[in-house]
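Quick note on this note's numbering: the sequence shown kicks off at 400 and runs consecutively.
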Amino acid sequence: YTPNSGFAGQDACTLTLTDANGDSDTALISITVPDEVVAEIDGGGSAQDPWSLALLGVLAVLLRRRNSAGPRALPFAANAGLRLSAIGLAVAFAAPVVADDWIRDGVYMGAGVIGTALKSDDPSAVTRQLDASLAGNFEDFPVGGQLYAGWMWSSESGIELRYADSGDGDSGIRLRSTVTGDITDIGDIEASIKGYTVYLVRQIPDLPLSDRWSIYGKAGWTFQDLDTSFRSSGSPDFPPAGSASENTNGAAIALGVRWRLARRFAVAGEAETLWVNFDDAFDEPWRIGLSIEYWFGSGKTAD
400 YTPNSGFAGQ DACTLTLTDA NGDSDTALIS ITVPDEVVAE IDGGGSAQDP
450 WSLALLGVLA VLLRRRNSAG PRALPFAANA GLRLSAIGLA VAFAAPVVAD
500 DWIRDGVYMG AGVIGTALKS DDPSAVTRQL DASLAGNFED FPVGGQLYAG
550 WMWSSESGIE LRYADSGDGD SGIRLRSTVT GDITDIGDIE ASIKGYTVYL
600 VRQIPDLPLS DRWSIYGKAG WTFQDLDTSF RSSGSPDFPP AGSASENTNG
650 AAIALGVRWR LARRFAVAGE AETLWVNFDD AFDEPWRIGL SIEYWFGSGK
700 TAD
């Protein structure tokens, strides 16, 4: 016997038994369907859902910044992440889900935005080709994007490949000539990092607070490119513009939390540290990110 979806209370059915001689007997059976077995239908989101409003608000602000940023427009990864996130949120909030049926394993993909802390007391990747030293520091927190895909071979363990672009950090600094000792303002210096990271993932799939929530940790190896450029104020002591690149690799770790919007959709927020310093030109960067995920799954559901 399978009750109709959403039904709870008393139900009845007729049972007829027939023996080998063709004699039969019929009985009316009363069945009680308790509330506990009724699937809880929960919409992906509503106007009363503060999480939905908050997430959509963040995306709206970032999209507005992108459209009005001009030369500081977000990079491709950020644009793609924002657009895919907006589409994913719209689909997730519109789709009803069945409680305790979240997909926790199998293949998944994600896209979103990141903020990266870029800091250096001596960005030599830019200044080393000049006869100069830095009389200041570089510090910015640009907004960029990330795209990633992973495979959880169980609800606790998996592997992930991630591409991230920090976006352009921008800072005004000064250069001191090592020949004359003069300080000349340099109009602008820009820096960005982008690259791939391979992670092993370990997840705690269900928190006591709610089965919508899970936390995870990741450890892996990252391959990053640093691009820097500058434009000077026009002093004859320094060239008007220049650029440099630096490639490096190192360890990476991350800690995140995942909130399931629907059976196949989730929002993930995480903090990440990259142990790369680009020949001591920049401090080891850290970043925070917010992404929307789609889980293809493996056909398994939670117990």
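Built from N, CA and C at the ideal position, the CB exists for glycine as well. Quick caveat, the model's predicted, so the values are computed rather than measured.
- DSSP lists Val-656, Leu-689 as the bridge partner or partners of Gly-668.
- Contact between Val-597 and Leu-625 fails: their C-beta atoms lie close to 19 Å from each other, not under 8 Å.
- Judged by DSSP in its simplified three-state form, Phe-677 adopts coil rather than helix or strand.
- Contact between Val-542 and Gly-514 holds: their C-beta atoms lie close to 5 Å from each other, under 8 Å.
- Ser-613 and Gln-602 do touch by the CB rule: their CB atoms are close to 6 Å apart, below 8 Å.
- In the DSSP assignment, Thr-621 falls within the unbroken beta strand (DSSP E) covering 612-630.
- Put simply, the backbone Cα of Met-551 is about 10 Å away from that of Leu-599.
- Spanning the alpha carbons of Gly-655 and Leu-606 requires a straight line of approximately 13 Å.
- Looking at the DSSP output, Phe-540 sits in no beta bridge, so it has no partner there.
- In this structure, Ala-516 sits near Arg-686, with a CB-CB distance shorter than 8 Å.
- Following the DSSP letters along the chain, one finds Gly-514 inside the beta strand (DSSP E) bounded by residues 505-519.
- In this model, Ala-653 and Gln-409 are separated by some 51 Å (Cα to Cα).
- For Glu-555, DSSP assigns no beta-bridge partner whatsoever.
- Between Gly-688 and Gly-505, the C-beta gap is not smaller than 8 Å, which leaves the two residues out of contact.
- Glu-683 sits in coil when the DSSP states are folded into three classes, being neither helix nor strand.
- The shortest CA-to-CA distance from Gly-566 to any of Gly-557, Gly-594, Thr-413 is the one to Gly-594.
- Distance between Ala-563 and Ile-582, taken at the CA atoms: about 36 Å.
- Gly-619 and Leu-673 have their C-alpha atoms spaced approximately 10 Å apart.
- Per DSSP, reduced to three states, the secondary structure at Asn-420 is coil, with no helix or strand assignment.
- Taking all protein chains in view, the Cβ of Phe-695 is surrounded by fewer than 16 other Cβ atoms within 10 Å, so the residue is classified as exposed.
- A direct Cα-Cα distance of roughly 6 Å separates Gly-568 from Ser-591.
- Sequence-distant partners of Val-675 (beyond 5 residues in either direction) whose C-beta falls short of 6 Å from its own C-beta, in its chain, are Gln-623, Thr-647, Gly-649.
- Residues of the same chain with a CB within less than 6 Å of the CB of Leu-414, apart from the 5 flanking positions on each side, are Ala-426, Ile-428 in chain order.
- Of all alpha-carbon atoms in Cys-412, Ala-670, Lys-617, the one lying nearest the alpha-carbon of Glu-555 is that of Lys-617.
- For Trp-501, the three-state secondary structure derived from DSSP is coil.
- In this structure, Phe-629 sits near Ile-588, with a CB-CB distance shorter than 8 Å.
- A straight-line Cα-Cα distance of about 10 Å links Pro-684 and Phe-677.
- Closest by C-alpha distance to Thr-627, out of Ala-680, Val-666, Thr-621, Asn-420, is Ala-680.
- A check of alpha carbon separations from Ala-670 across Tyr-615, Ser-423, Ala-411 identifies Tyr-615 as the nearest.
- Distance between Pro-604 and Ser-642, taken at the CA atoms: about 45 Å.
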